[in-house]
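Counting in the working numbering, the sequence shown runs from 363 upward without gaps.
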Amino acid sequence: MTKRADGWLAVVASAAIPATMILAWWQGLFTGIPPSFLWLLAGVVGVATLLLLLDTFWRHLPWSPGSFLALLAILGFIVYCGPATGFAFVAIGLVALALVPEKWLLSPVNGALILVVGIAILVGFVGWLLPFPVHGARIYLLLAVAFCLGRRRVLLERLDMIVAGWQALGREARGWQTAVAAAGLVAALGLWLPTMNYDDNAAHLILPYQLLRDGYYHLDALTQAWALAPWANNVLNGIAAVLAGAEARAAVNAVWLLVGMNGSWRLAMALGAEPRGALAAVSAYATLPLTGYFTTTMQVDGASGAVLLHLAALMVASGRALPSAWVIGALLGLLAGLKVTNAIYVLPGAAWLAWLALQNRDAAWLARVAAVALLLGGASFTFSVWITGNPLFPLYNATFQSPYYPPIDIIDQRWMSTLSIDALWSLTFHTERFGEHYPGAFGLALFALLPALAIEMARNRASRFVALWFLVSGALLFVQIQYARYVFPATAVLVVIGSVGLSRLLPSRPFTVLMCVLVVANAMLMPSTSWLVRDDPWSRLVMQGPEDVVAIEAEKIPERLLLRRVLDGAPAACVIIANPDAPFGAIAGGRAAVAQPVYDSRMSQTYIWANTDDSGQRWRQVLTATGASHVITGPAIATGLERAFVELGFQRVDVQGASAAWAAADPADRRCGGTMIQSRDEAHRRFHPGDNH
């Protein structure tokens, strides 16, 4: 291709970024961003710039500017998340790094890839042990210390490799290393917040809290519909909670954030990028608004994206040679354990690997991959088949007809719309149509890098392979359900490839300017990802300190704070949450029944049945039969429930916002007295029925 053609391609790819900024401004994407967040972001950019200037004029700084920013992120994590959460993060990282046998790894090795494989081993084996009462802090700590000491030589070598890699980046691309650290610091702001996401407080937190309280998981598919859904991320959160002695979501999310950033680096380098292009790709990934969103929640799409980046990088680096069967099996098992829909993302890559194995007549390689994947990713599916008869419970129950759930297929009609050719435009500028977001939450990077992505696909065979892989799989998933969060893994991979493509087209200086504009614009849109962060709680925490976390929780999700006070005051309580709009009972660890059909269809039916009787007789039957010691109500209380309270001697014992807690007048009666515990503990009935509950 002629230099003139190259020049025109560079102009087109370059012009897409300022054009996207103009469109974003015209569409009003930045108008709803709180000024306080813009000042916070300006502060991060200012500190990064100041450090680079100091480093330029005074070359004797003890650390690189990127290392100073990384230290600032670590301090923020410790201050706002707590030392116990920091300990859980370190312990998980050390154990995961030490777990992976040397024979599993083929050269070249990478610290983050070893970490991912170690996490796959850790959650895979713990998943099989969930129903058994072996999950306690002493056992976990003893095993962690023993394993790390026994593998100390290997562990130290791997830690040295990670530190050396970071230091090398500081020497090769100091400016972009600083940008990566700044981008990671902004993405990590979500770690500071309490767990306020809807699904987290309705379902995901049940497993960690059951391990904390009972030392085992109840496998309660009868009254907790998602109890046996792929649980790898919940298991990792459970391990972190046991190590920390309390909920420790931030420890797990910090792991996934770092894994995803390193996966972006590895994929870019595998595609032949220079360090500046690879680090720019990492910055683009870290500042995708949804990357920041995933640090606030236990939703698994961010974790899936991080693992898929490593899978793609490994396959590109291997070329037509078969990579380590152990590593591929671990990655596939972890992806299966994270989410069912990962099968769509995995299928093209797995088909290519199977074809290579058949070409090489290496059936043993395929057998090892399958065995490792089944061992590390099969626990939830196995327990689901055994208990419910549906391996994908509660999904596709119209087909499997499990008696544990109505014979229906769960489909959220809110995100089932007619597709059109302007899907990327709508995702970028009207993200609210594809999730509980505001316009711009999808980020600007993919739209702005689309010409660079297309040029890179045309010119680079490996880039074309990976891009088509994720374009097809992401589109296939998007056709089934138009939900922005579900296509995040594809978005992350394509943004990395587009960044690499732009770095090949432009000289260093214009590339740096354009990518910095894109990275900052993306970071500005982070408050658009959720109503929980729309008002910029981070600036408030900076100004008022970590003590304000509880106040934020009280404003955003008062039902969680109220339930926690109930459980603190009556540890033996059983609670009915009689508010279908706020089924936030997960922190009760199975001792709270919610009247929301997606999570607990039986209690939902009971709630509807009881509310049709204004006399209160049905509610009296429900409260007596379940032995519920407390009831939490929302703004509206059914007439029958109010009358049942009067006749049973229940009184209002606590209030938070529009929610109230009701219980027996005598504190001695505020404990379970019926069937609620027994009906919500499948593990106890099947694995240790002779024990006293």
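Glycine residues also receive a C-beta, built at the ideal position from the N, C-alpha and C atoms.
**Request:** Starting from the Cα of ALA726, find the closest Cα among GLY751, ALA705, SER686 and PRO445 and give me that residue.
**Result:** Mapped onto the sequence shown, residue 726 falls at position 364. The shortest C-alpha separation from ALA726 is found at SER686.
**Message:** Looking only at its chain, what residues have a beta carbon closer than 6 Å to the beta carbon of ASP898, apart from the 5 residues adjacent to it on each side?
**Reply:** Residue mapping note: residue 898 aligns to position 536 of the sequence shown, counting from 1. Correct list, in chain order: PRO396, SER398, PHE399 and PRO889.
**Item:** Unbroken beta strand (DSSP E) run spanning SER1021, endpoints
**Value:** Counted from its first residue, the sequence shown places residue 1021 at position 659. Its beta strand (DSSP E) spans residues 1021–1026.
**Request:** Report the residue from LEU736, THR653 and ASN704 whose alpha carbon sits nearest the alpha carbon of TRP688.
**Result:** What you label residue 688 is simply residue 326 of the sequence shown in a count that begins at 1. Nearest C-alpha to TRP688: LEU736.
**Item:** Nearest residue (CA-CA) to TYR655, options ALA934, ALA705 and TRP900
**Value:** Here residue 655 refers to the residue found at position 293 of the sequence shown. Of the candidates ALA934, ALA705 and TRP900, the one whose C-alpha sits nearest the C-alpha of TYR655 is TRP900.
**Prompt:** Can you give the Cα-Cα distance for THR744 and ALA375, rounded to whole angstroms?
**Reply:** Position 382 of the sequence shown, counted from the first residue, corresponds to residue 744. Position 13 of the sequence shown, counted from the first residue, corresponds to residue 375. If I take the Cα positions, the gap works out to 49 Å.
**Asked** Can you give the beta carbon distance from HIS799 to THR658, rounded, assuming they're within the 8 Å contact cut?
**Response** As a working note, residue 799 is residue 437 in the sequence shown. As a working note, residue 658 is residue 296 in the sequence shown. Contact doesn't hold; Cβ gap of about 13 Å is too wide.
**Asked** Is the Cβ-Cβ distance between LEU511 and TYR579 less than 8 Å?
**Response** Position 149 of the sequence shown, counted from the first residue, corresponds to residue 511. Position 217 of the sequence shown, counted from the first residue, corresponds to residue 579. No, these two residues do not count as a Cβ contact at 8 Å.
**Message:** Along the chain, where does the beta strand (DSSP E) containing THR995 start, and where does it finish?
**Reply:** Stepping through the sequence shown from its first residue, residue 995 is reached at position 633. Here the beta strand (DSSP E) through THR995 covers 992–995.
**Prompt:** Is it true that the segment 450–470 meets the segment 578–597, where meeting means three or more beta-carbon pairs spaced less than 8 Å apart?
**Reply:** The segment 450–470 is not in contact with the segment 578–597.
**Message:** Run through the DSSP bridge pairs and tell me what GLN958 is partnered with.
**Reply:** The residue labelled residue 958 in the question sits at position 596 within the sequence shown. According to DSSP, which records beta bridges pairwise, GLN958 is partnered with nothing at all.
**Asked** Quick one: what does DSSP say ILE859 is sitting in, helix, strand or coil?
**Response** The residue labelled residue 859 in the question sits at position 497 within the sequence shown. It is helical.
**Request:** Check whether the Cβ atoms of ALA1025 and VAL1015 sit closer than 8 Å, and answer yes or no.
**Result:** Reading the sequence shown from its first residue, position 663 is the one you call residue 1025. Reading the sequence shown from its first residue, position 653 is the one you call residue 1015. A contact, by the Cβ cut-off of 8 Å.
**Prompt:** Just curious, the beta strand (DSSP E) that ILE938 is in, first and last residue?
**Reply:** Along the sequence shown, one-based indexing puts residue 938 at 576. From DSSP, the beta strand (DSSP E) with ILE938 extends over 937–940.
**Status (buried if at least 16 other CB within 10 Å, exposed otherwise) for ASN722** = Here the question's residue 722 lines up with position 360 in the sequence shown. Looking at its Cβ environment, which holds fewer than 16 other Cβ atoms inside 10 Å, ASN722 is exposed.
**Prompt:** Comparing alpha-carbon positions, which option in ARG611, GLY634 and VAL857 lies nearest ALA450?
**Reply:** Taking the first residue of the sequence shown as 1, we reach residue 450 at position 88. For the residues ARG611, GLY634 and VAL857, the minimum Cα distance to ALA450 belongs to ARG611.
**Prompt:** Is it buried or exposed for GLY951, if we count other Cβ within 10 angstroms and need 16 for buried?
**Reply:** Translated into the one-based positions of the sequence shown, residue 951 becomes position 589. So GLY951 counts as buried.
**Asked** Within this structure, are the beta carbons of ALA602 and ALA613 separated by less than 8 Å?
**Response** The residue labelled residue 602 in the question sits at position 240 within the sequence shown. The residue labelled residue 613 in the question sits at position 251 within the sequence shown. Result yes, Cβ atoms of ALA602 and ALA613 sit closer than 8 Å.
**Prompt:** Using the beta-carbon count (16 or more within 10 Å), is ASP962 buried or exposed?
**Reply:** For the purposes of this step, residue 962 is identified with residue 600 of the sequence shown, where counting begins at 1. With 16 or more Cβ atoms within 10 Å of its Cβ, ASP962 is classed as buried.
**Message:** Quick check on DSSP: helix, strand or coil for GLN661?
**Reply:** To locate residue 661, count along the sequence shown from 1; it is residue 299. DSSP places GLN661 in the coil class of the three-state scheme, outside both helix and strand.
**Prompt:** Where does ARG776 fall in DSSP's three states?
**Reply:** Walking along the sequence shown from the start, residue 776 turns up at place 414. Three-state DSSP puts ARG776 in a helix.
**Item:** Bounding residues of the beta strand (DSSP E) (the contiguous stretch that carries ARG1014)
**Value:** Within the sequence shown, numbered from 1, the residue matching residue 1014 stands at position 652. It spans 1012–1018 - the beta strand (DSSP E) in which ARG1014 sits, taken as one unbroken run.
**Asked** DSSP three-state call for GLU609: helix, strand or coil?
**Response** As a working mapping, residue 609 is identified with position 247 in the sequence shown. Correct three-state label for GLU609: coil.
**Asked** Which term fits LEU786, buried or exposed, when burial requires 16 or more other beta carbons within 10 angstroms of its beta carbon?
**Response** Residue numbering aside, residue 786 sits at position 424 when the sequence shown is read from its first letter. Label assigned to LEU786: exposed.
**Request:** Check whether the Cβ atoms of ALA543 and MET877 lie closer than 8 Å to each other.
**Result:** On the sequence shown, residue 543 is found 181 positions in, with the first residue counted as 1. On the sequence shown, residue 877 is found 515 positions in, with the first residue counted as 1. Contact: no.
**Message:** Looking only at its chain, what residues have a beta carbon closer than 8 Å to the beta carbon of VAL904, apart from the 5 residues adjacent to it on each side?
**Reply:** Here residue 904 is taken as the residue at index 542 of the sequence shown, counted from 1. Excluding sequence neighbours, VAL904 sits near LEU402.
**Request:** Classify ILE384 as buried or exposed, calling it buried when 16 or more other Cβ atoms lie within 10 Å of its own Cβ.
**Result:** In the sequence shown, the residue the question calls residue 384 occupies position 22. By the neighbour-count rule (16 or more Cβ atoms within 10 Å), ILE384 is not buried but exposed.
**Nearest-angstrom Cα separation, counted from LEU574 out to GLY600** = By 1-based counting over the sequence shown, the position of residue 600 is 238. By 1-based counting over the sequence shown, the position of residue 574 is 212. Approximately 8 Å between the Cα atoms of the pair.
**GLY681 classed as buried or exposed, judged by whether at least 16 other C-beta atoms fall within 10 angstroms** = In the sequence shown, counting from the first residue as 1, residue 681 sits at position 319. Answer is exposed; the Cβ neighbour count stays below 16.
**Message:** Quick check on ARG930: does DSSP put it in helix, strand or coil?
**Reply:** Translated into positions along the sequence shown, residue 930 becomes position 568. According to the sequence provided, residue 930 is Asp. The question's Arg does not apply to it. ASP930: helix per DSSP, three-state reduction.
**Request:** Give a yes or no on contact between the segment 932–948 and the segment 542–556, applying the rule of three or more CB pairs nearer than 8 Å.
**Result:** In short, these stretches do not touch, since the Cβ pair count stays below three.
**Asked** What number of angstroms, rounded off, separates the C-alpha of LEU693 from the C-alpha of VAL928?
**Response** Mapped onto the sequence shown, residue 693 falls at position 331. Mapped onto the sequence shown, residue 928 falls at position 566. Distance between the alpha carbons of LEU693 and VAL928 is about 41 Å.
**Message:** Using only the alpha-carbon positions, how far apart do GLY802 and VAL702 sit?
**Reply:** For the purposes of this step, residue 802 is identified with residue 440 of the sequence shown, where counting begins at 1. For the purposes of this step, residue 702 is identified with residue 340 of the sequence shown, where counting begins at 1. Roughly 27 Å between the two C-alpha positions.
**Message:** For the segment 415–429 against the segment 525–532, do three or more pairs of beta-carbon atoms, one drawn from each stretch, fall closer than 8 Å, so that the two count as touching?
**Reply:** yes
**Message:** Assuming LEU808 and LEU856 are in contact, meaning their beta carbons sit under 8 Å apart, how far apart are those beta carbons, in whole angstroms?
**Reply:** For this step, residue 808 is matched to residue 446 along the sequence shown. For this step, residue 856 is matched to residue 494 along the sequence shown. Indeed they touch by this definition, with Cβ atoms about 6 Å apart.
**Asked** Could you give the C-beta distance for GLY860 and LEU815, rounded to a whole number, given that I count them as a contact under 8 Å?
**Response** Reading the sequence shown from its first residue, position 498 is the one you call residue 860. Reading the sequence shown from its first residue, position 453 is the one you call residue 815. With 8 Å as the limit, GLY860 and LEU815 qualify as a contact, their Cβ atoms being about 4 Å apart.
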